[in-house]
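Undergrad: In this text, residue positions in the sequence shown follow this note's numbering: the first is 1434, and each later residue adds one.
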Amino acid sequence: MEDEEGKSRGYGFIHFKEEESAKKAIEKMNGVEDQSNGERHALYVANFIRRNARLAALVANFTNVYIKQVLPTVGKEIIEKFFAKFGGITSAATCKDKNGRVFAFCNFAKHDDAVKAIEAMHDQHIDGITSPEEKLYVQRAQPRSERLIALRQKYMQSQSLGNNLYVRNFDLSFTDDNLLELFKEYGEVKSCRVMTDPNGVSRGFGFVSFVNAEQANAALREMNGRMLNNKPLIVNIAQRRDQRYTMLRMQFQQRLHVMMRQMQQQQQQQQAQQ
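Okay, here's the thing in structure tokens:
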């Protein structure tokens, strides 16, 4: 792959006709030393994994929890002490945003413990942690690549009315009424529909339409990533075809950037082990 100036980015892709051929190539070429550019380094060769699959793996096994709406006096020690009851903690940290509001991260040793913390503490008022007017926000911490996608979604929202939301990753038993119950607290819902196949079986996604973009944006902020029956709900602005095309282009560029960084890091690790 090349950049805008025609210079190599240091990585590329090969698509074999047969899977067995790809496996043999990986076995023979991964770790082979290369000196084509005058520098000695080991090649990194592996199966291509789509970004959606990588993100899905991160979501399915996350251990890092994001916490906000806490008092300014809350520090790392308080976070560790308070969340330790859910399981072993490998690290914790508190930070301040540009407005001086405190937020925190708590990384658990086990995925199940992180899920327990979210289910037990999200939307709860805790003396010494939250103010009387606010409730604790506890959800899965998003990696940088996922946050960049959210920023792109925000841009796409500005290009449309943004009243309509696309919702997926809920149970197949979900009905229109179940979907409405989830989103009605964020504003007046004009319509709410779970999409089904010709036999009336849920396809696992649906659409929620609000009377204005402000309500839809509020629902998007709070509901995207919300744990529901041990699965993160996925909520996006419903897009027109031209918007989806623009989004796919941006996602592809970001995917290449992330893959390049991962390959460089793995090459450095291999060189360090030699």
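Where a beta carbon is used, it is the ideal one built from N, C-alpha and C, also for glycine.
None of the values given here were measured: they were computed from a predicted structure.
Please look up how many angstroms separate the CB atoms of Glu-1567 and Gln-1648, rounded, as I've assumed it's under 8 angstroms.
TA: About 21 angstroms; that fails the 8 angstroms criterion.
Undergrad: CA-CA distance, Ala-1455 and Ile-1447?
TA: Going from the Cα of Ala-1455 to the Cα of Ile-1447 covers about 9 angstroms.
Undergrad: Pull up the distance between the alpha-carbon of Ile-1512 and that of Ala-1526, whole angstroms please.
TA: Each residue's alpha carbon lies about 8 angstroms from the other.
Undergrad: If I measure Cβ to Cβ from Phe-1449 and keep anything under 8 angstroms in the same chain, skipping five residues before and after, which residues do I get?
TA: Taken in chain order, the residues that qualify are Ala-1455, Ala-1458.
Undergrad: Candidates Tyr-1619, Asp-1546, Ala-1479, Val-1507: which alpha carbon is nearest Ala-1517's?
TA: Selected option, being the one with the closest Cα: Asp-1546.
Undergrad: Tell me the rounded alpha-carbon separation between Met-1660 and Phe-1495.
TA: Looking at the two C-alpha atoms, the distance is approximately 12 angstroms.
Undergrad: Asn-1597 and Ser-1642 - do their beta-carbons sit closer together than 9 angstroms?
TA: Contact flag set, yes.
Undergrad: Given this structure, state the Cα-to-Cα distance separating Val-1548 from Asn-1663, to the nearest angstrom.
TA: Going by the C-alpha atoms only, they are around 7 angstroms apart.
Undergrad: Which partner residues does Pro-1665 have in the DSSP bridge list?
TA: DSSP, once it has assigned bridges, lists Met-1660 as partnering Pro-1665.
Undergrad: Skipping 5 residues on each side, what residues in its chain have a beta carbon closer than 8 angstroms to that of Gln-1572?
TA: Closer than 8 angstroms at the Cβ level, and outside the excluded window around Gln-1572, lie Val-1498, Tyr-1499, Ile-1551, His-1555, Gly-1658, Arg-1659, Met-1660.
Undergrad: Under the DSSP definition of a beta bridge, which residues are partnered with Ala-1526?
TA: According to DSSP, Ala-1526 bridges with Phe-1538.
Undergrad: Can you give the Cα-Cα distance for Cys-1528 and Asn-1632, rounded to whole angstroms?
TA: The alpha-carbon atoms of Cys-1528 and Asn-1632 are separated by roughly 51 angstroms.
Undergrad: Let me confirm a value: Gln-1702 is counted as buried when at least 16 other C-beta atoms fall within 10 Å, else exposed. Which label applies?
TA: It counts as exposed.
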